[in-house]
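In the working numbering, the protein residues as written are 269 to 342. Think of the CB as a built atom: it goes at the ideal place given N, C-alpha and C, for glycine as much as any other residue. Owing to the predicted nature of the structure, the values given are computational and were not obtained by experimental measurement. For reference, the structure discussed in these notes is given below.
Have a look at this one:
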């Protein structure tokens, strides 16, 4: 609630790092997706959802992070 208040009423930008997609749904206007230290995607939340043809951030993150068994190095 504090983040939302600051963003809406105080005209500030907050860099918020999380793996909790429900938090992103509540407060993010833009999403920067970083994997292994590299920016994979940087866009508005709406564009991010359109790019991945889904309306659920959790589904998108699960699909992006799928790892094939063969790719796991033991």
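Can the beta-carbon of residue 367 be found less than 8 angstroms from the beta-carbon of residue 281? The structure shown has nothing for residue 367, since the chain only spans 269 to 342.
Which same chain residues, not among the five before or five after residue 297, have their C-beta less than 8 angstroms away from its C-beta? 275, 312 and 313
Considering only their Cβ atoms, is the gap separating residue 293 from residue 325 smaller than 8 angstroms? yes
Simplified DSSP state of residue 285, which is helix, strand or coil: coil
What's the call for residue 316, buried or exposed, on a 16-neighbour Cβ count within 10 Å? buried
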